[in-house]
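Q:
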Amino acid sequence: MAKSPKISASHEPGGLIVHISGLLPSLSPAEQRVARLVVSDPADAARRTITDLATAAETSEATVIRFCRSVGMDGYPQLRIRLAAEAARRVEPPDARVVGGDIPPGADLAQIIATIAFNDARAVEETAEQLDPAVCERVVDAIAAAGRIDVYGAGASGFVASDFQQKLHRIGRTAFYFPDVHTALTSAALLGKGDVAVGISHTGTTSDVIEVLEQARARGASTVALTNFPRSPITEVADFVLTTAARETTYRSGATASRLAQLTVVDVLFVGVAARNRARARKALEATADAVQSHRVGAGRRRA
């Protein structure tokens with residue numbers, strides 16, 4: 001069946017650095033070296049001439065120009081202006097030892113706490129800044145009207161998928177999450193027009209999630225991808241693309257800041273769906289809360 005054009009949230013309102021970070025895996029190796037210099041220190045990059053930046057990235061001026069075009073700039077002068085503006089608006093961490101989110105060897109727990117807290121908060125804030133309300137609205141509309149919602153994810157993204165399914169189920173939406181790829185595929189094969197399939201993958205390269213989303217789309221379901229990278233393979237099988245803005249580092253690759261950023265988007269969608277029918281959602285939440293109330297330790301049921 002014919003599909004409507006893909007709608008993506010990769011419109012860059014959250015800042016140039018977030019935009020470049022999301023595109024990094026799709027760049028050539030030489031362009032990635034330029035990107036890492038730019039992302040790590042926008043102010044320093046803005047002060048450099050094109051020759052200086054090319055030398056620092058161990059590449060050519062032509063590669064720097066290609067990089068500019070790859071990230072949507074007309075040329076290097078525009079990139080420098082945008083980087084200067086980005087550097088001016090960036091909020092520096094309260095602890096000067098917190099740099100780029102990496103945990104250096106020998107870091108004490110105070111530094112670890114400061115680094116994780118700052119970068120987790122930044123991931124949530126930058127994700128919220130770059131989310132496109134119009135795309136979120138379309139996804140919420142689709143989920144609110146869906147006969148059935150399947151949510152897919154693997155590893156750390158699987159925990160987020162499970163959380164989203166549980167939230168939707170609590171407000172009376174027919175939603176499923178299958179951690180096993182075989183059961184996920186059989187479930188996707190039973191979806192159809194009017195159903196929604198949501199695939200969650202930080203990298204956007206998780207083959208299990210891509211395959212299941214592709215199966216759901218082939219059956220006529222509307223497909224939603226939630227990923228950190230707007231040019232990743234999962235976006236090719238999605239009707240709607242929502243992006244996070246998490247920069248994972250040494251001990252946190254694809255598992256911590258990304259999970260919090262994904263949960264931010266999930267919560268936005270959940271509340272959006274619940275708001276479509278507040279009375280129904282409130283009634284369902286009250287009923288489910290009452291159902292488990294007897295399993296809570298309260299004033300009349302203390303442990304010995």
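So in the UniProt record's numbering, spot 64 of the sequence shown is number 64, and the numbers just go up one at a time. The beta carbon of each residue, even a glycine, is placed where N, CA and C say it ideally should be. Everything numeric in this text was worked out from a predicted model, so none of it was measured.
#1: Could you give the DSSP three-state label for residue 232: helix, strand or coil?
#2: Name the two residues that bound the continuous beta strand (DSSP E) containing residue 237.
#3: For the 8 Å Cβ check, are there 3 or more pairs between the region 185-198 and the region 103-118?
#4: So for residue 70, helix, strand or coil by DSSP?
#5: Would residue 161 be called buried (16 or more neighbouring beta carbons within 10 Å of its own) or exposed?
#6: Are residue 170 and residue 46 closer than 8 Å when you measure CB to CB?
#7: If you drop the 5 nearest sequence neighbours on each side, which residues of the same chain put their C-beta closer than 7 Å to that of residue 187?
#8: Between residue 212 and residue 184, what straight-line distance do the alpha-carbon atoms span, to the nearest angstrom?
#9: Provide the residue(s) that pair with residue 150 in DSSP beta bridges, ordered along the chain.
#10: I think residue 23 touches residue 71, with their Cβ atoms under 8 Å apart; what is that distance to the nearest whole Å?
#11: To the nearest whole angstrom, what separates the beta carbons of residue 214 and residue 237, a pair I think is in contact under 8 Å?
#12: By the three-class DSSP mapping on this structure, what secondary structure does residue 285 have?
#13: Ignore the nearest five residues each way along the sequence and tell me which others in residue 206's own chain have a CB closer than 6 Å to its CB.
#14: How is the alpha helix (DSSP H) around residue 56 delimited, first residue to last?
#15: With DSSP run on the structure shown, which of helix, strand or coil describes residue 162?
#16: Going by the beta-carbon positions, is the gap between residue 68 and residue 269 smaller than 8 Å?
#17: What three-state label does DSSP hand residue 186 in the structure shown?
#18: Exposed or buried, what is residue 358 when buried is set at 16 or more other beta-carbons lying within 10 Å of its beta-carbon?
#19: Can you check whether the CB of residue 276 is closer than 8 Å to the CB of residue 144?
#20: Between 139, 157, 49 and 56, which has its C-alpha nearest residue 202's C-alpha?
#21: Using the C-alpha atoms, what's the distance from residue 44 back to residue 83?
#22: Could you tell me the alpha carbon to alpha carbon distance between residue 119 and residue 261, rounded to whole angstroms?
#23: Tell me the DSSP bridge mates of residue 223?
A: Here's the rundown:
#1: Within the sequence shown, the letter at position 232 stands for residue 232. Correct three-state label for residue 232: coil.
#2: The residue you call residue 237 lines up with position 237 of the sequence shown. Per DSSP, residue 237 lies in no beta strand (DSSP E) and is assigned neither H nor E.
#3: Judged by Cβ distances under 8 Å, the region 185-198 makes no contact with the region 103-118, as fewer than three pairs qualify.
#4: By 1-based counting over the sequence shown, the position of residue 70 is 70. Looking at residue 70 - three-state DSSP - the assignment turns out to be helix.
#5: Start at 1 with the first residue of the sequence shown, and residue 161 comes out as number 161. With 16 or more other Cβ atoms inside 10 Å of its own Cβ, residue 161 counts as buried.
#6: Translated into the one-based positions of the sequence shown, residue 170 becomes position 170. Translated into the one-based positions of the sequence shown, residue 46 becomes position 46. For the 8 Å CB-CB criterion, residue 170 and residue 46 do not form a contact.
#7: Translated into the one-based positions of the sequence shown, residue 187 becomes position 187. Cβ neighbours of residue 187 beyond the five flanking positions: 150, 176 and 178.
#8: Walking along the sequence shown from the start, residue 212 turns up at place 212. Walking along the sequence shown from the start, residue 184 turns up at place 184. Going by the C-alpha atoms only, they are around 7 Å apart.
#9: The count along the sequence shown starts at 1 and reaches residue 150 at position 150. 176 and 197, per the DSSP bridge assignment.
#10: On the sequence shown, residue 23 is found 23 positions in, with the first residue counted as 1. On the sequence shown, residue 71 is found 71 positions in, with the first residue counted as 1. With 8 Å as the limit, residue 23 and residue 71 qualify as a contact, their Cβ atoms being about 6 Å apart.
#11: For the purposes of this step, residue 214 is identified with residue 214 of the sequence shown, where counting begins at 1. For the purposes of this step, residue 237 is identified with residue 237 of the sequence shown, where counting begins at 1. With a Cβ gap of about 4 Å, residue 214 and residue 237 count as contacting.
#12: Numbered from 1 along the sequence shown, position 285 holds the residue referred to as residue 285. Residue state, collapsed to three classes: helix.
#13: Walking along the sequence shown from the start, residue 206 turns up at place 206. Only 154 meet the Cβ criterion.
#14: Start at 1 with the first residue of the sequence shown, and residue 56 comes out as number 56. Here the alpha helix (DSSP H) through residue 56 covers 50-56.
#15: The residue you call residue 162 lines up with position 162 of the sequence shown. Here residue 162 sits in helix by DSSP.
#16: The residue given as residue 68 occupies position 68 in the sequence shown. The residue given as residue 269 occupies position 269 in the sequence shown. Not closer than 8 Å, so no.
#17: Here the question's residue 186 lines up with position 186 in the sequence shown. If DSSP states are grouped into helix, strand and coil, residue 186 belongs with the helices.
#18: Since the displayed the chain opens at 1 and closes at 304, residue 358 lies outside it and no answer follows.
#19: Within the sequence shown, the letter at position 144 stands for residue 144. Within the sequence shown, the letter at position 276 stands for residue 276. A contact, by the Cβ cut-off of 8 Å.
#20: To locate residue 202, count along the sequence shown from 1; it is residue 202. The shortest C-alpha separation from residue 202 is found at 157.
#21: Within the sequence shown, numbered from 1, the residue matching residue 83 stands at position 83. Within the sequence shown, numbered from 1, the residue matching residue 44 stands at position 44. Residue 83 and residue 44: Cα-Cα distance of roughly 9 Å.
#22: Mapped onto the sequence shown, residue 119 falls at position 119. Mapped onto the sequence shown, residue 261 falls at position 261. Taking the straight line from one Cα to the other gives about 11 Å.
#23: For the purposes of this step, residue 223 is identified with residue 223 of the sequence shown, where counting begins at 1. DSSP output for residue 223 lists 197 as bridge partner(s).
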